[in-house]
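Numbering (the working numbering), first residue to last: 139 to 724.
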């Protein structure tokens, strides 16, 4: 029934086109649209996933895909949409040598569209192994004037290798790595790494699945060129030609996004935590037998070759399938030792090797080791495998959670992230306020009530500060001890500071005995051993306002903020002091 229904859809052209805008992150301008397809609204084949699933099951993929292209191109021209068009093309259609490649150009010419405005977006639905044929097909499209984009980077079966092989003009980062990036330092580091690779390879990055303003601003600050997602515009049969007003306002506003931070990771720092048990094969095994293992286990990418416990090399799934796809290769080498297709110089590391050391070794080594991974040994004997992806993930976490970057007590970012955020604010030329927060009479409280109670006060103070700040606009850091710093971009910073002081005053009663609270303080010995009466703890906030080009380094700002804090501490009780001087200290 579904096959008959699909044939009716094809015969009657019962497909409709939707378009989703792709936005330039720095300007907010719509520079392109992705063409999307839908089946009849009352049909089980309305969703494109169902449509192509049935088409594939009935060997109609090429016909359906070409009809989709024709419908999208005609509607794009009819709507007279500005900018470029991203046209979805599956690698499986490209790889069919008898596919009518010239028809796409014919559709474009019939629609009156310049081929230079069309980007072929490769969207994977199944693994791609014939990279040589893929390169030929892509070259064919480039010769006709098209640019190339790769969809769902980080999600597809072989998107990283496709990037390396095809050198596309655009890569789209899968929405998994975009959604929640403002709260996830691992996702942030992934996108930052992709952006660095893109910069070096002259590739433009498109972030898919942007759903919030916070995600949008983080991606903009990372240097991502283009964005796509519901926050910027939903797929529509008659899409807008400009972004929503709130998006345009947010992108036009000066300032920087607050990057997510991560606390300390107390896990082991050796590569043993990356160990995967992967069954090895002996060098006497034939290539045919190795090939059969790969066929039985679709997710298996690497097979180690081991003899008497000693690792000899690695066999890559892609290399094996690539060899066997060539004429006569299987007949010539199928029954021979798997050594023939083995990488005889794999990366090998002992289980006690540190993550940092292996990372340094991998960076210095050839790029293919990142895809192949590395062998983990114990006393020279094979233990298992580790992947380049896992290594990158762990190194990312370590970099983010190193002690210099996060205070172990509050998990707030430490001095390095504070200084980095100040530098980003200075570079942006935006106005902001620096608030130095310090507890008065904290040391004698610690001496009398003990370090555990003192730690409770520090943690409670950290929570009060963060609760009254905008997590997307204001940065809260822990310098150390009882000293904190807030970098406000919120214009209502003063109201927030007053709320912080009120919150601290309200919580202060919990820290003391009833006797000490009633008399407003307590006795403690000073450094000379004399009994001294100390007042109850209070919170001092020293604030300086930073205008564009007024300060030039975080060192100047730290000095000025420390002076403002000193003035605040001269005021009895919970206090707020704004330094109105405009000149930075020399």
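Note that CB positions come from ideal geometry on N, CA and C, so glycine has one too. Treat the numbers as computed from the prediction; the structure is a model and nothing was measured.
- By alpha-carbon distance to residue 469, the top candidate from 425, 275, 485, 492 is 425.
- Apart from sequence neighbours up to five positions away, the residues of its chain that approach residue 593 with a beta-carbon distance below 7 Å are 547, ordered along the chain.
- Assignment of residue 370 by DSSP, reduced to helix, strand and coil, places it in the coil class.
- Straight through space, the alpha carbons of residue 350 and residue 166 are spaced by roughly 15 Å.
- For residue 616, the beta-bridge partners assigned by DSSP are 622.
- Contact check for residue 483 and residue 514: beta-carbon distance about 16 Å, past the 8 Å limit, so the pair fails to qualify.
- Per DSSP, reduced to three states, the secondary structure at residue 210 is helical.
- Put simply, the backbone Cα of residue 316 is about 33 Å away from that of residue 695.
- The three-state secondary structure of residue 152, taken from DSSP, is coil.
- Residue state for residue 282 is assigned as coil, using DSSP reduced to three classes.
- Assignment of residue 662 by DSSP, reduced to helix, strand and coil, places it in the strand class.
- The bridge partners DSSP lists for residue 451 are 443.
- As the crow flies, the alpha-carbon of residue 415 is around 21 Å from that of residue 477.
- Remark: C-beta atoms of residue 622 and residue 603 approach each other more closely than 7 Å.
- Under the three-state reduction of DSSP output, residue 189 falls in the helix class.
- DSSP, read as helix, strand or coil, puts residue 593 in helix.
- Per DSSP, the unbroken beta strand (DSSP E) holding residue 573 starts and ends at 570–578.
- With 16 or more other Cβ atoms inside 10 Å of its own Cβ, residue 308 counts as buried.
- Taking the Cα positions, residue 588 is about 51 Å away from residue 485.
- Inter-segment contact for the stretch 567–577 and the stretch 612–622 is present: three or more beta-carbon pairs are separated by less than 8 Å.
- Spanning the alpha carbons of residue 303 and residue 273 requires a straight line of approximately 7 Å.
- Take residue 390, set aside five residues on each side of it, and the residues of its chain with a beta-carbon closer than 8 Å to its own are 166, in chain order.
- Distance from the CA atom of residue 442 to the CA atom of residue 328, rounded to whole angstroms, is 28 Å.
- Note that the stretch 157–171 touches the stretch 213–232; at least 3 beta-carbon pairs, one per stretch, sit closer than 8 Å.
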